[in-house]
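2 protein chains.
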Amino acid sequence: MTTVHVIGVGMTRFGKHPDRDAADLGAEALLEAIADSGIDPRAIEGAYCGHVFQGMVTGQRILAQVGMAGLPLSNVENACSSGATAIREASLAIRAGEHDVVAAIGTEHLTTRFTGALTPDPSDPEAAVGATMPAVYAMRARRYMEEFGMTREQLALVAVKNRRHAASNPLAHFRKEITVEEVLESRPIADPLNVFDCSPVTDGAAAAILVSDRMLKRLGNGRAVRLAASSLFTGSVDTEPTSMTFEPLTRKTAEAAYERAGIGPEDVGFAEVHDCFTIAEVLRVEGLGLFGQGEYPAAVERGEADIGGRLPINPSGGLLGKGHPLGGTGVAQVVELVRQLRGEAGERQIEGARVGLAHCRGGKAVGIEGAACTVQVLVR
Amino acid sequence: MTTVHVIGVGMTRFGKHPDRDAADLGAEALLEAIADSGIDPRAIEGAYCGHVFQGMVTGQRILAQVGMAGLPLSNVENACSSGATAIREASLAIRAGEHDVVAAIGTEHLTTRFTGALTPDPSDPEAAVGATMPAVYAMRARRYMEEFGMTREQLALVAVKNRRHAASNPLAHFRKEITVEEVLESRPIADPLNVFDCSPVTDGAAAAILVSDRMLKRLGNGRAVRLAASSLFTGSVDTEPTSMTFEPLTRKTAEAAYERAGIGPEDVGFAEVHDCFTIAEVLRVEGLGLFGQGEYPAAVERGEADIGGRLPINPSGGLLGKGHPLGGTGVAQVVELVRQLRGEAGERQIEGARVGLAHCRGGKAVGIEGAACTVQVLVR
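If you want it as structure tokens, here you go:
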């Protein structure tokens, strides 16, 4: 079976782009990824485009904008894991021997398409009773505080850390550091979560060029990063019935990825995880086995998750700091992993990074119908 | 490389289902496909769900309904080729060695989600000037009449044929035969097309269970049908600049499928093609090389495309007769191919069928930005 490598990445600035659309942003990211890879664009044989709200044939509109119409392209959607799903499907097309060079694109013009309620469907029974994303994560935060003694200040420190990381990322939505006090005094959303505990409504796109072993040998690209695993699972109440403070779906997806990559969580040097809310980062790193259950808040307080710490989490700024354009997010995580692993992350470079992990979690927060979880492992 | 086989198929009745939704319809089709395959549902390792308008994580909602949450699933979208794309991606996951048994589902509750303008995006410039699907196909019909001397009656005969086929399909949206006169007297939509020249707004779902060679050997399923090719390409004005009456994208996709399957158009015994309008069937069968350019209308008149004719086209009733639930369509074509190739098509059985072809064409009709075309070849 062929191994899959990432040879080029690109992304737009994340933020508000009132004068752009999802196809235009996707085209910018794709062109940058192609230039970064050094490959002749005519060598690209197929493409995948992840997005949630952008309407039909969005990926085709991107290809048409950059003069690449004609390629096989599939649009993919898995809620907030849509971009990560594009990476996964691109890697399967290469492993199948269908293509040797595939582009994975993730894009979202969320500011024009977000209706204010991120729920699987207007008919969703949980959303109808008010169990929207912020409400569910707020309950999980409260429960976690009860079970593990996390303080409100510790929770706020997740946002403070990620905004600090974002401040050194020129493409991040937020470039200004914030303090614990500012988090605690920011506008309440769903107690205990305030607005600075929540990822913003962001426009943006990212892209990556993936190749087979065979093609990498032909190209001789010395900056390639190996996609050692790309795991996807879905979830529901059946798969996650027991706890508000632990994510069996994240654990299961991570275990499959570790097995495929031939590593354990102890080998991971840094990670981009789906911090759609401050509490979400806590649940994810513990679900991934990167920190013991109940231990992450204190670890953040000790600086272990900082760039320069023992195990940097969300060096890009994460969803809280860099922003969260749904379809763009999963691909942007891979962009960050590649830049870190190549030593091209500038001010926010993690020293000696060899193994990076990216985690996305889309759909329902506690798993009643419709979650999708992805874990990707990249190795230099 | 492993070969991919279809071991089970299922579909709902196509029509109006005011008391159902897309997930519910998808679940019914999936359960039928599983039962038809005879496989233990726990052997299914992954799934793909094609739809256009059903909102996020639709496929996950289907899995949750049937107690199969947890599987890897990706939702895919390629306009009217969405269901066919689910088949293609399922086959790639098998060829990649990622899974041995994969479910492909296509679903659409179009009656509740159709806004009346099937255009890639509200900002689409062609739609803004009135170049909607019926308008563009009407222009193509007029041009074809000019170039090849097709009569209005010949065009109507395509609808008459497909409605006749649908009359013997218990799952079709329309079960009543119509006459040329009824087509000509039906409500005008875009001259020369009347409402009976247009596929209806239909709810429905279909599903197929695909397996690897290895798994087929283990199962010893004697009713399996081989997926000999599953091709996908996108198009734009760059790829189809020259003609209103010929489809280079359909030709290119077909040629790739013929090459993969090791056959030529002369080996195809029958076909399901994307007859979203009467004129569309004409353009597709000629684009596929099944009939010479300009020759199809007379061939229909001679009965060559009838069940029992030389080369039956749309024995299921096609989009015009069976109905067109966007995401459901491409998978439903595969359901028809499998049933015909197994000799299980009842009243509408084609004698001696060995090779069937399915063609979908989604997105823009003349190829400005955003078309997606698929061709699948199934062999018994």
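First to last, the sequence lines map onto chains A and B. Residues in the first sequence are numbered from 1 upward in steps of one, following this note's numbering. Residues in the second sequence are numbered from 1001 upward in steps of one, following this note's numbering. All C-beta atoms, glycine included, are put in the ideal place defined by N, C-alpha and C.
- In this structure the segment 1221–1234 of chain B does not lie against the segment 1168–1186 of chain B, because fewer than three pairs of beta carbons, one per stretch, are closer than 8 Å.
- A direct Cα-Cα distance of roughly 24 Å separates Gln349 (chain A) from Gly83 (chain A).
- Ranked by how close their Cα comes to the Cα of Glu1089 (chain B), the residues B:Gln1065, B:Gln1060, B:Cys1049, B:Ala1358 have B:Cys1049 in first place.
- DSSP links Ser1074 (chain B) through a beta bridge to B:Tyr1048.
- Separation of Glu1147 (chain B) and Asp1191 (chain B) (C-alpha to C-alpha, rounded to the nearest whole angstrom) is 17 Å.
- Taking C-beta atoms under 8 Å as the contact rule, Met1150 (chain B) and Pro1297 (chain B) qualify, at a distance of about 4 Å.
- As the crow flies, the alpha-carbon of Gly15 (chain A) is around 50 Å from that of Ala1159 (chain B).
- The beta carbon of Val335 (chain A) is closer than 6 Å to those of Val9, Met11, Ala206 in its chain, skipping five residues each way along the sequence.
- A contact between stretches requires three or more CB pairs, one per stretch, nearer than 8 Å, and the segment 251–268 of chain A meets this requirement with the segment 284–301 of chain A.
- The alpha carbon of Ile189 (chain A) has as its nearest neighbour, out of A:Met133, A:Pro170, A:Thr234, A:Pro315, the alpha carbon of A:Met133.
- In the DSSP assignment, Gln1065 (chain B) falls within the unbroken alpha helix (DSSP H) covering 1058–1065.
- Of all residues in the segment 1240–1254 of chain B, none has a C-beta nearer than 7 Å to a C-beta of chain A.
- Neighbours of Glu77 (chain A) in chain B, taken as residues whose beta carbon is under 7 Å from its own, are Met1056, Asn1075, Glu1077 in chain order.
- For the set B:Ser1230, B:Glu1304, B:Leu1071, B:Ser1212, the Cα lying nearest the Cα of Pro1041 (chain B) is the one of B:Leu1071.
- For Ala1372 (chain B), the enclosing beta strand (DSSP E) stretches over residues 1371–1379.
- Note that the C-beta distance between Tyr144 (chain A) and Leu283 (chain A) is below 9 Å.
- Against Gly235 (chain A), the close residues of chain B are Ala1069, Gly1070, in the order they occur along the chain (beta-carbon pairs closer than 7 Å).
- Rounded to whole angstroms, the separation of the alpha carbons of Arg1214 (chain B) and Leu193 (chain A) is 51 Å.
- For Gln1333 (chain B), the closest Cβ of chain A is not nearer than 9 Å.
- With a cut-off of 8 Å on Cβ pairs, the segment 1344–1360 of chain B is in contact with the segment 1308–1318 of chain B, counting three or more such pairs.
- The secondary-structure analysis by DSSP pairs Asp203 (chain A) across a beta bridge with A:Gly15, A:His109.
- Taking a beta-carbon distance threshold of 9 Å, Arg1088 (chain B) counts as an interface residue toward chain A.
- By the beta-carbon neighbour count (other beta carbons within 10 angstroms, threshold 16), Pro1170 (chain B) is exposed.
- The residue from B:Ala1128, B:Val1183, B:Val1101, B:Cys1276 with its alpha-carbon nearest to that of Val1211 (chain B) is B:Val1101.
- With a threshold of 9 Å between beta carbons, Ser1316 (chain B) makes no contact with chain A.
- Secondary structure at Thr234 (chain A): strand, using DSSP grouped into helix, strand and coil.
- Counting C-beta atoms within 10 angstroms of its own C-beta, Val1195 (chain B) has fewer than 16 neighbours from the protein chains shown and is therefore classed as exposed.
- Pro188 (chain A): member of the beta strand (DSSP E) spanning 188–190, first to last residue.
- Rounded to whole angstroms, the gap between the alpha carbons of Met1139 (chain B) and Arg1152 (chain B) is 13 Å.
- Membership of Leu1311 (chain B) in any beta strand (DSSP E) is not indicated, and neither H nor E is assigned to it by DSSP.
- With 16 or more other Cβ atoms from the protein chains shown falling within 10 Å of its own Cβ, Thr1107 (chain B) counts as buried.
- Taking 8 Å as the upper bound for CB-CB distance, Ile1039 (chain B) and Ile1062 (chain B) are not in contact here, some 17 Å apart.
- Secondary structure note for His1359 (chain B): it is in no alpha helix (DSSP H), and the uninterrupted beta strand (DSSP E) holding it is 1355–1362.
- When CB distances to chain B are screened at a threshold of 7 Å, not a single residue of the segment 126–151 of chain A falls below it.
- Within the model, the alpha-carbon separation for Glu1045 (chain B) versus Glu1077 (chain B) is close to 21 Å.
- For Glu272 (chain A), there is no enclosing alpha helix (DSSP H); the enclosing beta strand (DSSP E) has its first and last residue at 270–272.
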